[in-house]
Structures are given as C-alpha cells and as structure tokens.
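Let me begin by presenting the structure, written as structure tokens, before commenting on it.
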Amino acid sequence: PSTNYVEAAVEEPDGGDGESEEPEVPVEPDNYVDPGAYPVTDELGDEPEFESAWPVDASVRRLAGRAAASRNVKPGGRMLVGPPRPPPVPPPVAAYSPAITPHVDYVTPHRGSTAGGTPVWIVGVGFGNNVGDVSVSLGGAAAAVQSVNDTHILALTAAGNSGPPRLVKVSIRRVGRATVGRDGWYQHMDVWSRHSTWGGGPLPVEGDSVVIPPDTTIYLDISTPILNIVIIQGTLVVADDADITFDAHYIFVNKGTLQVGTERDPHQHRCVITLHGHVKTLELPMYGSKVLGVRNGVLDLHGKPHRVPWTRLAATVAAGQQRISLRDAVDWEVDAEIVIASTDFASSHYETRRILEVRDGGLTLALDAPLVYAHDGSDHSVSGRDFNTAAEVGLLSHNIVVQGNARS
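At position 194 of the sequence shown the residue is numbered 194 (the UniProt record's numbering), and the sequence of numbers has no breaks.
Written out as structure tokens, the structure is:
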C-alpha cells in the first residue's frame with residue numbers, strides 16, 4: 001500500500017520549555033501499534049488542538065496524539081498538521097541505442113612522438129560533418145581536429161608525456177561521447193628518429209651507447225647503426241611499419257621490456273636483431289659478450305604465426321630431385337628457407353633450400369636447387385611397432401630473427 005506523510009509542528013503553550021520540530025512520520029497501519037497505547041487524553045488532559053487545511057481523519061488524530069505524547073506537549077498545546085506529501089516521482093529512464101551512438105573502430109597509427117604533430121586517423125561511424133562539433137583526446141592530450149566526415153576524423157596530436165596506451169576520446173556536440181573498440185588506442189612515445197628524443201641533438205651513430213631509463217618508452221622506427229651497448233630499463237618497442245635491423249655488441253634488458261609485436265598483434269614486417277663481437281670482445285659479468293641479456297625484464301617477440309612450423313616427408317626423395325611432398329599442408333611462402341633432415345648415417349647430410357613454388361594447397365614444394373642426398377619419406381615397423389622415420393622438414397625463415405654477425 002502507498003504511504004502518506006504528515007509534517008507536524010508541535011507548538012508549546014506560553015511558558016513551555018519545549019522546542020518545535022517537524023518530524024516526518026509515515027501514516028500506514030503496519031507502521032505503528034494499537035492507538036490505544038497512545039491515549040490522547042490520558043495524563044495530558046485536553047485533546048490537542050488541530051489546525052489543518054485538509055480533512056483530518058481518525059488515523060491522523062491518533063498519529064497527532066502519538067506525536068504529542070512523544071514530545072510531552074503540555075495541556076492546551078496545539079498540533080499543526082499539513083497535507084500529505086506526494087509520493088516520490090521515479091527518475092526518468094534513458095534508453096541506450098547503439099544505432100544512434102557514435103563509435104570508434106580503430107586508430108591509425110597507434111603511436112607517435114611525445115613532441116606532438118603526428119597526424120592520426122580515427123575510423124568509425126556517427127562523427128557528423130562539422131569540425132567545430134568534434135573534440136578529440138589522443139594519449140591523454142587534446143588533439144587538433146583537421147577534418148571530419150561521418151566515418152573518419154583526422155587529428156594532429158599535441159605534445160604529451162611518454163606513457164602506456166590510452167583509448168581515444170571522441171565527443172560530438174549535442175550527441176555525446178563515442179564508444180570505443182579495443183583497437184581505438186593511441187600511445188605517446190619518444191620516437192627514435194626524432195631529434196627531440198635525443199634532447200635536440202644528433203641521433204645515435206656507430207659505436208654509441210644508449211640507455212633507455214625507467215618510465216620511458218622509445219619507438220624504434222628506423223634501423224640502427226652498429227651500437228656498442230644498449231641498456232633497456234624502460235621500454236623499447238620496434239615499429240611494424242617497415243623492415244628494421246637492430247645492431248649492437250650488447251643488448252641488456254635490465255628490469256625493462258624489449259617488444260617486437262604482441263600475442264594479439266604479431267609483428268608483420270621483418271625485424272633482424274644482430275649481435276656483434278669476436279673472441280677478444282670484453283665480456284659482461286655473468287652474461288658474456290655478443291649477447292642479448294635479460295635481468296628481471298621482459299623479452300617479448302611475436303612474429304607471424306605459422307599453422308605448421310615443421311612436418312615430415314610424405315614420400316622418399318632421391319638425390320637430384322627438386323620437388324618434395326609433405327604429410328601436412330603448410331602455409332609457407334615462396335622464397336622461405338627450409339631444412340630437410342638427414343636420414344642416413346651422416347648427420348651432415350641435412351640440406352637447406354629455398355621454396356620456389358607452393359602447390360597442392362601446401363602439400364608439395366618446388367625447391368630452388370636439386371637435392372644432393374636422398375631423404376627417406378617412409379615409416380618402419382620393428383617387432384610390430386611402427387616408427388616415424390621419415391625426414392623432418394622445417395621452416396627456417398621467420399620474420400623476427402636474433403642472430404650473431406656472420407664474421408665473428
């Protein structure tokens with residue numbers, strides 16, 4: 001049942017020492033006991049006087065007597081009773097409609113210099129066509145909107161601090177904030193190729209040493225010369241915009257992160273990390289020379305995934321043949337390098353070749369040169385037990401390579 005309320009002001013007769021209050025008491029039978037427990041005339045003498053602009057029924061009189069008793073109103077006191085308070089109005093309910101809500105699908109590029117000035121495309125839907133109606137924040141800093149249509153926003157980043165990735169913020173006047181998908185992020189970084197990263201001075205040259213301090217992220221967007229030592233205490237992220245080579249005598253990840261791709265977004269271009277040195281190169285304690293060392297840090301390398309990294313021959317190939325059949329269909333690319341294991345008594349009879357052509361959905365490979373040795377592609381059974389003795393065929397070409405220089 002609904003509940004009515006009365007606002008009662010208790011007035012004392014002249015000379016009374018009570019104080020006036022406005023108690024709010026619900027008028028609902030279930031909320032109070034038998035009115036007989038609060039007799040209006042017992043000990044108080046005369047029944048309190050009521051002043052009301054609305055009809056006063058018996059239940060309200062009982063309530064007034066109860067309030068008078070609780071305040072110890074002296075005989076002759078007066079009870080002022082106001083009208084019932086209206087029931088509370090429920091707040092309005094807003095209906096969310098994705099169809100009319102702006103949405104950001106992705107941002108490109110995802111990273112840019114802390115100096116600002118990086119043009120960034122924001123792709124989505126519902127942005128309108130008026131530059132003045134759109135505000136954008138990239139990497140936690142307001143960006144200058146250059147152009148807008150319903151599906152694209154072009155903005156120039158402002159200067160910002162190096163930090164973790166942040167979701168873009170897009171607001172449309174008279175429409176509201178856009179929702180953002182998981183690829184709608186941007187990150188301010190110190191870009192290797194920008195002079196501002198190096199205090200306005202020249203970029204590192206051959207023989208230089210580089211230290212990336214904690215809480216600093218550097219974006220390696222160009223190939224490096226042969227550096228002496230690179231100490232990573234912050235984060236070094238290799239760009240995935242083009243093929244890059246990273247050359248040094250020592251690379252030491254000390255409580256930092258060296259990142260080439262991520263598990264969710266594998267690196268698509270070629271990245272070759274080459275370590276340089278020779279037998280007389282000075283060694284780092286515990287780590288040695290010509291080394292990529294990690295101490296309490298993270299080495300995060302994620303290249304292009306392959307469905308089948310290695311398989312076996314499906315049939316024996318004789319010396320001089322230039323085509324092999326495989327047991328599993330592979331997704332290897334033309335010009336990739338493969339190795340075919342030896343199946344005779346000389347372990348040195350393994351052979352490496354490059355793929356000239358991929359046929360039969362990845363089950364047949366044409367090689368760039370004839371094989372020198374025969375390679376068994378059959379299985380054998382001994383005492384009723386079957387053994388896989390066919391030659392293994394493995395993929396050697398990967399788009400992320402860590403290697404030593406060939407002359408040392």
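Think of the CB as a built atom: it goes at the ideal place given N, C-alpha and C, for glycine as much as any other residue. Source: prediction; values computed, not measured.
Non-local beta-carbon contacts of Ala-144 in its own chain, meaning distances under 8 Å to residues more than five positions away in sequence, involve Ala-155, Leu-156 and Ala-158 in chain order. Checking the DSSP bridge columns, you'll see Ala-141 partnered with Leu-138. A Cβ-Cβ separation of about 5 Å places Gly-277 in contact with His-249 under the 8 Å criterion. Judged by their CB atoms, Ala-391 and Asp-376 are nearer to each other than the 7 Å cut-off. Following the DSSP letters along the chain, one finds Arg-194 in no beta strand (DSSP E), marked with neither H nor E.
Counting only residues of its own chain and dropping the five nearest sequence neighbours on each side, Glu-206 has a CB closer than 8 Å to the CB of Pro-225, Ile-226 and Leu-227. Residues of the same chain with a CB within less than 8 Å of the CB of Asn-296, apart from the 5 flanking positions on each side, are Asn-254 and Lys-255 in chain order. For Asp-386, the enclosing beta strand (DSSP E) covers residues 385-387. Taking every protein chain shown into account, the CB of Trp-185 has 16 or more other CB atoms within 10 angstroms, so this residue is buried. Between Ala-406 and the set Glu-357, Val-308 and Lys-290, the nearest pair of CA atoms involves Lys-290. When secondary structure is reduced to three states using DSSP, Val-148 falls in the strand class. Short of 7 Å from the beta carbon of Val-131, and not among the five residues preceding or following it, lie these beta carbons of its own chain, in chain order: Val-145, Ser-147 and Val-148. Closest option to His-267, judged by alpha-carbon separation, among His-398, Val-279 and Ser-223: His-398. As summarised for the region 301-369, there are no continuous alpha helix (DSSP H) elements at least 4 residues long confined to that stretch. According to the DSSP assignment, Phe-252 belongs to the beta strand (DSSP E) that extends over 244-254.
According to the DSSP assignment, Asp-183 belongs to the beta strand (DSSP E) that extends over 179-183. A Cβ-Cβ separation of about 5 Å places Ala-336 in contact with Ile-355 under the 8 Å criterion. Each of Asp-331, Glu-283, Ser-113 and Val-372 was checked against the Cα of Ile-218, and the nearest Cα belongs to Ser-113.
In its chain, beyond the 5 residues on either side, Gln-233 and Gly-234 have a beta carbon closer than 6 Å to the beta carbon of Pro-214.
Distances from the CA of Leu-395 to each of Asn-161, Ile-172, Thr-352 and Leu-220 were compared; the closest alpha carbon is that of Thr-352.
Looking from the CA of Gly-126, the closest CA among Asp-105, Thr-262 and Asp-183 belongs to Asp-105. The region 158-173 makes contact with the region 185-199: 3 or more CB pairs, one atom from each, lie closer than 8 Å. For Trp-310, the closest alpha carbon among the candidates Pro-98, Ile-340 and Ala-99 is that of Ile-340.
With a 10 Å radius around the Cβ and a threshold of 16 neighbouring Cβ atoms, Ile-153 comes out buried.
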